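Enquirer: Per the working numbering: the sequence shown = residues 28 to 87. Backbone N, C-alpha and C define an ideal beta-carbon position, used for all residues, glycine too. None of the values given here were measured: they were computed from a predicted structure. Have a look at this one before I ask anything.
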Amino acid sequence: MGFIERARCRLRGEEGSATAEYAVATMAAVGFAGLLVVILRGDEVRGILTDLVRHALTVG
28 MGFIERARCR LRGEEGSATA EYAVATMAAV GFAGLLVVIL RGDEVRGILT DLVRHALTVG
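The following block contains the structure:
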C-alpha cells in the first residue's frame with residue numbers, strides 16, 4: 028500500500044468532521060449573541076452605553 032492510499036484511508040474516517048465543527052461553533056456564537064441581547068436590554072447597561080456615546084461625541 029502506497030503513501031497516498033494510506034493517507035486516503037486515514038482521511039476517510041474524518042469525513043464530515045469539519046461540518047460538525049462549524050455547527051458547534053455556530054451554536055456557540057448564537058448562544059453568545061443571545062447572552063449579549065439579554066445583557067444589553069437592561070436599563071443600567073443601556074444608560075452606561077448612552078453616556079459613553081454622548082461623551083465620545085462631545086466636542087471639546
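Using 8 Å for Cβ pairs, my map puts R73 next to L67. What's the rounded Cβ distance?
Expert: Working through the sequence shown from its first residue, we reach residue 73 at position 46. Working through the sequence shown from its first residue, we reach residue 67 at position 40. Correct: roughly 7 Å between the Cβ atoms.
Enquirer: My output table needs one value for M53: the three-state DSSP class, helix, strand or coil.
Expert: If you number the sequence shown from 1, residue 53 lands on position 26. The residue you asked about is not Met; residue 53 is Thr in the sequence shown. It is helical.
Enquirer: Starting from T85, trace the alpha helix (DSSP H) in both directions and tell me its first and last residue.
Expert: Counting from one through the sequence shown, the residue named residue 85 turns up at place 58. It is not in any alpha helix (DSSP H) - T85 carries neither H nor E in the DSSP assignment.
Enquirer: Would you report the Cα separation of E71 and V86, rounded to the nearest angstrom?
Expert: Mapped onto the sequence shown, residue 71 falls at position 44. Mapped onto the sequence shown, residue 86 falls at position 59. Cα to Cα, the separation comes out at about 25 Å.
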